[in-house]
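So the structure is just underneath, and the comments pick up after that.
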């Protein structure tokens, strides 16, 4: 499962350089009509343009006009969809979403919650590590069957000491009834602070976790 990018601008593919205007390289319908008119004016009177050839060029002109109209319609539809996506994303601000992540953001108070998908009944062990990679807490949760298993970290270490606010890592290991271990992905619940429109879609800015594509959201609460 992909993790959430921590750099807002790199994840969106945005840069600080100014955009440049590309020179128009294709012929427009006005150019096409002008060329056809010039061709008619300079044709050999003794060898006028064949009717089939003239009709063929008219058909090409009609096709160019149709493609231009279609492009205008598609661009308008695309702009409408983009605006609708922004409005939908804005409605998530202030809500909490469940996203795939191996990181957790601990506040000054409160706990961090999440879920895993257990492949079968057994025990799921969660290891919490700090920024230095030191394991500070192990949480064990029983899975009665295959499916979602909720977990919660209260922000303390194995000795009951409250840890400092910041970003921590979490990993999960499932142990089935036969004693076989397997790594499983973790899903963390985090609040949405803002929404950003990127070049490839909508991104949510999650408190303490950075940005995540809106397609990563599994649940909204």
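In this note's numbering, the protein residues as written are 24 to 244.
The beta-carbon is built from N, C-alpha and C at its ideal position, and this holds for glycine as well.
This structure is a prediction, so every number in the text was calculated from the model and none was measured.
Asked                                                                                                                                                                 : Found
If you drop the 5 nearest sequence neighbours on each side, which residues of the same chain put their C-beta closer than 8 Å to that of residue 238?                 : 224
How many whole angstroms separate the CB atoms of residue 242 and residue 120, which I take to be in contact at a CB cut-off of 8 Å?                                  : 7 Å
Applying the criterion that 16 or more other CB atoms from any shown protein chain within 10 Å of the CB defines a buried residue, is residue 234 buried or exposed?  : buried
State yes or no: is the C-beta of residue 146 within less than 8 Å of the C-beta of residue 186?                                                                      : no
Here's a check: name, in chain order, each residue in its chain whose Cβ is nearer than 6 Å to the Cβ of residue 181, leaving out the five neighbours to either side. : 160
Counting Cβ pairs closer than 8 Å, one from the region 211-219 and one from the region 167-183, do we hit at least three?                                             : no
Whole angstroms is fine: what's the gap from residue 199's alpha carbon to residue 169's?                                                                             : 10 Å
Based on the DSSP secondary-structure assignment, which residues constitute the bridge partners of residue 136?                                                       : 175
Under 8 Å between the Cβ atoms of residue 188 and residue 129?                                                                                                        : yes
Starting from the Cα of residue 249, find the closest Cα among 232, 230 and 226 and give me that residue.                                                             : Since the first residue of the chain shown is 24 and the last is 244, residue 249 is not available in this structure.
Going straight from the alpha carbon of residue 201 to that of residue 183, what length do you get?                                                                   : 32 Å
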